[in-house]
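Asker: Count along the sequence shown from 1, then add 28; that gives the number in my numbering. Backbone N, C-alpha and C define an ideal beta-carbon position, used for all residues, glycine too. Just passing along the structure, written as structure tokens.
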Amino acid sequence: MNIERLQDIDERLFVKNDLNGECIYYTDEDCQTPFNGIVYGMCGHPARLDYECEIKDGVKSGIELTYNEEGGIEQASEYRHNLMYGVSKEYDEEGNLLTASVVYNNSHLKIVSPTPKGSYNIEKYAPQSTQNLPDDICTLLALSEQELVAYPLTQKYGMFKI
Numbered sequence: 029m030n031i032e033r034l035q036d037i038d039e040r041l042f043v044k045n046d047l048n049g050e051c052i053y054y055t056d057e058d059c060q061t062p063f064n065g066i067v068y069g070m071c072g073h074p075a076r077l078d079y080e081c082e083i084k085d086g087v088k089s090g091i092e093l094t095y096n097e098e099g100g101i102e103q104a105s106e107y108r109h110n111l112m113y114g115v116s117k118e119y120d121e122e123g124n125l126l127t128a129s130v131v132y133n134n135s136h137l138k139i140v141s142p143t144p145k146g147s148y149n150i151e152k153y154a155p156q157s158t159q160n161l162p163d164d165i166c167t168l169l170a171l172s173e174q175e176l177v178a179y180p181l182t183q184k185y186g187m188f189k190i
């Protein structure tokens with residue numbers, strides 16, 4: 029499968045903003061044909077990869093990776109309809125996991141951090157706030173701390189090294 033990978037400033041991409049100010053990517057000037065593929069951004073001098081994300085029907089749907097100044101992954105997050113939705117993981121400069129979170133529409137519902145001794149701390153979790161959540165989010169919330177930390181982020185296009 030040949031997946032198109034375009035820089036966010038590529039002149040072949042046209043952008044509108046959604047209600048939250050997030051980009052919706054199109055392949056035509058009239059913004060009628062949504063882009064599907066990978067969008068990435070560069071920053072710094074010399075330029076370095078800042079982020080890359082999977083785009084489906086013009087919006088973030090899949091994995092977004094953000095990178096630190098050394099090129100390591102700083103954060104890996106699942107998205108749906110331009111909102112963080114699913115599991116998000118943050119890493120330090122050496123690539124060690126800092127936190128693993130269950131996120132629903134940009135709200136972190138459960139945050140777990142590994143300790144140096146091999147156990148896990150629950151940084152945030154309010155079980156009473158889980159009423160009326162979608163089944164897939166409830167399934168993620170039911171994971172043990174160890175299962176959440178080990179949870180694999182599944183890419184739609186398989187373009188990244190996670």
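Quick one: grab the DSSP three-state call for E57.
Answerer: As a position in the sequence shown, residue 57 is number 29, starting the count at 1. E57 falls in the coil class under three-state DSSP.
Asker: As an exercise, report each continuous beta strand (DSSP E) stretch of at least 3 residues that is fully enclosed by the segment 96-141, in chain order.
Answerer: If we require 3 residues or more, the beta strand (DSSP E) runs fully inside the segment 96-141 come out as 101-108, 111-119, 125-132.
Asker: Going by C-alpha distance, which of V131, L77, D78, I66 is nearest G85?
Answerer: For this step, residue 85 is matched to residue 57 along the sequence shown. In the sequence as presented, Gly is not what sits at residue 85; that position holds Asp. The option with the nearest alpha carbon to D85 is I66.
Asker: Sort out for me which residues DSSP pairs G69 with in a bridge.
Answerer: On the sequence shown, residue 69 is found 41 positions in, with the first residue counted as 1. Answer is Y79.
Asker: Excluding the 5 residues preceding and the 5 following E98 in the sequence, name in chain order all residues of the same chain whose CB lies nearer than 8 angstroms to its CB.
Answerer: Translated into positions along the sequence shown, residue 98 becomes position 70. If we look at E98 and ignore the five residues flanking it on each side, its Cβ neighbours are E121.
Asker: Going by DSSP, what residue range makes up the beta strand (DSSP E) through Q35?
Answerer: For the purposes of this step, residue 35 is taken as residue 7 along the sequence shown, with counting starting at 1. Its beta strand (DSSP E) spans residues 33-35.
Asker: CB-CB under 8 angstroms to S135, same chain, minus the five flanking residues each way: which ones, in chain order?
Answerer: Looking up residue 135 in the sequence shown gives position 107. Contacts found: none.
Asker: Does the separation of the CB atoms of V115 and E106 fall below 8 angstroms?
Answerer: Residue mapping note: residue 115 aligns to position 87 of the sequence shown, counting from 1. Residue mapping note: residue 106 aligns to position 78 of the sequence shown, counting from 1. Their beta carbons are under 8 angstroms apart, which means V115 touches E106 by this criterion.
Asker: Can you give me the Cβ contacts of D46 inside the same chain, cut-off strictly under 8 angstroms, excluding the 5 residues immediately before and after it?
Answerer: On the sequence shown, position 18 is the one that residue 46 refers to. Here the set comprises I52, V87, N110.
Asker: State the Cα-Cα distance for the pair E118 and S129, rounded to the nearest angstrom.
Answerer: Residue 118 sits at position 90 when you count from the first residue of the sequence shown. Residue 129 sits at position 101 when you count from the first residue of the sequence shown. Roughly 9 angstroms between the two C-alpha positions.
Asker: Less than 8 angstroms separating the beta-carbons of T94 and Y79?
Answerer: As a first step, residue 94 is located in the sequence shown; it is residue number 66 there, counting from the start. As a first step, residue 79 is located in the sequence shown; it is residue number 51 there, counting from the start. The answer is yes: Cβ separation under 8 angstroms.
Asker: Report yes if the C-beta distance between V140 and T127 is below 8 angstroms; otherwise report no.
Answerer: Numbered from its first residue, the sequence shown carries residue 140 at position 112. Numbered from its first residue, the sequence shown carries residue 127 at position 99. Their beta carbons are under 8 angstroms apart, which means V140 touches T127 by this criterion.
Asker: Would you mind working out which of Q174, F42, L181 sits nearest C59, comparing C-alpha positions?
Answerer: Here residue 59 refers to the residue found at position 31 when the sequence shown is read from its first residue. Of the candidates Q174, F42, L181, the one whose C-alpha sits nearest the C-alpha of C59 is F42.
Asker: Compute the distance between the beta-carbons of A104 and L176, then report whether it is under 8 angstroms.
Answerer: Position 76 of the sequence shown, counted from the first residue, corresponds to residue 104. Position 148 of the sequence shown, counted from the first residue, corresponds to residue 176. Going by C-beta atoms, A104 is not nearer than 8 angstroms to L176.
Asker: Would you call the CB atoms of L161 and Y132 closer than 8 angstroms?
Answerer: Within the sequence shown, the letter at position 133 stands for residue 161. Within the sequence shown, the letter at position 104 stands for residue 132. Closer than 8 angstroms, so yes.
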